[in-house]
Ligand code: ADP
Ligand code: ZN
Ligand code: ZN
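Numbering (this note's numbering), first residue to last: 431 to 1082.
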């Protein structure tokens, strides 16, 4: 009789033993299905043996999902680590790590046109970074942070490193933020590596993912480019993990286990002796701090490739949020001039839709989402839309509170500004890039093509326009309202806004003509803007680090967020109070630990679920994890759910 020890893709810890029915081929490294309580779950086979289990009768495996192994012990070890760190079961971590497809299909069409590979020669600065990465890696210093200004050509350095590693017969994982997949990095990599490259992200079908996973696992493809879950891809011998734009929030997962791909990569680099190379023009405070302390080697690229200058940055005070005030005189002037000279502009307004509020001019009532604790956004075409849960309804003709017909649309989003630009700048060739336009399939491709061929005068959009684009004809960048998001109750708000502003500014003046950035703000005294005007990321870093230190926030502590969500607010409040009580009891007397709350989360209701949370600040994580497990095991559940977030990225 043969048995299999498996991890179950379910929130239960430990290995389970099932019997292998006669005639079914089951080997370690495949997925099978098996009965668990009253359901059928996917299981991950760790071991096959003939020791009859003691004290219970093993149930039969139902079916085998794979014919050949798709993972090995190294992935199990990694998932044990992830489960341990982020507090889930190992099976949940494996389910997250592995593709869910069932039969590998071979159909995957590259959406980008094939062009001839142009090979680049590194300039002196790039070469010296390349050499010092190789050099110190050879001596065992495997982890690196490249701090390179926008346009310094970090991609070319990554590519040379990848070539070197592949030349030694090892494999490369190249992580990119969500949106970049559709951008130029992918195209560039594809040009260089051709059929040796696979992509890996959630827009592929499950079967395509499985097919690509297998090509990488077998060593048939040597380089994989993809979003955060690519950090789990297995290879015969992994030589390099690149994390491009390492500051990007999309490296953090937002369902159980809530891992950070940066940390998982860090772990793999240590376990598999692979180089880890992260890069950014605006590195996260945490990574820069770790580099300062010698955990990563810090390398910098101070000049732009090809010698183009950093753009000049001008801060302009604007008054109020009325649409007619959205384009200041200097911004109009420079944009008009740029367009007349055949140049292009990028405008950032970090708010989608037409207007963020519909407010009654008589009684002041605001149209709110019935499921969420926020106002509904006005969208063009007469609809109101909730940006959190997707709830939508027609714009009413009259106030639902007092019946007045004086409904005002307050503030501006990208849709409204698009109209304003067309009218006031007489620039009909505006391309809008936001979540609404990006949901169309070919948006990214169309954008790249039109920008390149000069069919766009102004690219207008939300933070998406700040991400990695390399357009050489853009000479004006306008930030329409820099203040959006600055005052959110989240300690990372400044860091996020600063990086966003610096990144969008970095899209400017990449060609031979100099660039000009106009930052419009309601408050030109803001400290962030001083650093921005001087392109001084390091100054910002020092300033922000001092603030974090004073308040004991990361990197001077670790945070854990425990959040209860559920439909019944009273019950949620009661349950979060119990969670907080357990944490206080378990952590009393542990030095350097503080339990904050419970309190309503800033977004106190999303999708009909009330949200209350507790935040734990700690210096040592082991006692906190132990306490969290106790709180989790004692959590009554029912119709509410406990979200465990270790090192949360988002506190809203
Ligand atoms: P970053 O990611 O650092 O902002 P990019 O990698 O987008 O910068 O590079 C900026 C531009 O310079 C790109 O158009 C890139 O093709 C070009 N470039 C960078 N390094 C080289 C090189 N060594 N040879 C040729 N072109 C390069
Ligand atoms: Zn009213
Ligand atoms: Zn909603």
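C-beta: ideal position from N, C-alpha, C; glycine also.
Beta-carbon gap between residue i and residue j smaller than 8 Å
i: residue 651; j: residue 660; result: no
i: residue 585; j: residue 933; result: no
i: residue 457; j: residue 478; result: yes
i: residue 600; j: residue 667; result: yes
i: residue 694; j: residue 604; result: no
i: residue 864; j: residue 850; result: no
i: residue 742; j: residue 909; result: no
i: residue 721; j: residue 855; result: no
i: residue 929; j: residue 907; result: no
i: residue 1124; j: residue 874; result: As displayed, the chain neither begins before 431 nor continues past 1082, which places residue 1124 out of reach and without an answer.
i: residue 495; j: residue 471; result: no
i: residue 448; j: residue 476; result: no
i: residue 579; j: residue 731; result: yes
Residues bridged to residue i [DSSP beta-bridge criterion]
i: residue 798; result: 805
i: residue 1047; result: 989 and 1024
i: residue 815; result: 807 and 822
i: residue 856; result: Partner(s): none; residue 856 has no beta bridge.
i: residue 790; result: 837
i: residue 1071; result: 995
i: residue 490; result: 449
i: residue 653; result: 602 and 627
i: residue 472; result: 463
i: residue 706; result: 573 and 671
DSSP three-state assignment for residue i, whether helix, strand or coil
i: residue 671; result: strand
i: residue 450; result: coil
i: residue 628; result: strand
i: residue 719; result: helix
i: residue 1076; result: strand
i: residue 881; result: helix
i: residue 950; result: strand
i: residue 604; result: strand
i: residue 692; result: helix
i: residue 838; result: strand
i: residue 850; result: helix
i: residue 509; result: helix
i: residue 435; result: strand
i: residue 731; result: strand
i: residue 578; result: strand
i: residue 917; result: coil
i: residue 1039; result: strand
i: residue 891; result: strand
i: residue 517; result: coil
i: residue 460; result: coil
i: residue 784; result: coil
i: residue 760; result: helix
i: residue 959; result: helix
i: residue 774; result: strand
i: residue 905; result: strand
i: residue 1031; result: strand
i: residue 1055; result: helix
Span separating the alpha-carbon of residue i from that of residue j
i: residue 622; j: residue 1061; result: 50 Å
i: residue 706; j: residue 570; result: 12 Å
i: residue 591; j: residue 708; result: 12 Å
i: residue 1038; j: residue 977; result: 36 Å
i: residue 798; j: residue 804; result: 6 Å
i: residue 979; j: residue 723; result: 15 Å
i: residue 686; j: residue 749; result: 44 Å
i: residue 957; j: residue 1014; result: 37 Å
i: residue 1011; j: residue 602; result: 46 Å
i: residue 962; j: residue 770; result: 28 Å
i: residue 914; j: residue 780; result: 7 Å
i: residue 692; j: residue 516; result: 13 Å
i: residue 501; j: residue 882; result: 42 Å
i: residue 387; j: residue 912; result: In this structure the chain extends from 431 to 1082, so residue 387 is not present and cannot be described.
i: residue 827; j: residue 892; result: 29 Å
i: residue 760; j: residue 952; result: 15 Å
i: residue 1023; j: residue 1047; result: 6 Å
i: residue 572; j: residue 560; result: 13 Å
i: residue 483; j: residue 459; result: 21 Å
i: residue 702; j: residue 507; result: 11 Å
Supposed contact pair residue j and residue i - C-beta distance, whole angstroms, cut 8 Å
i: residue 773; j: residue 943; result: 7 Å
i: residue 505; j: residue 439; result: About 14 Å; that fails the 8 Å criterion.
i: residue 996; j: residue 1070; result: 3 Å
i: residue 690; j: residue 1077; result: 6 Å
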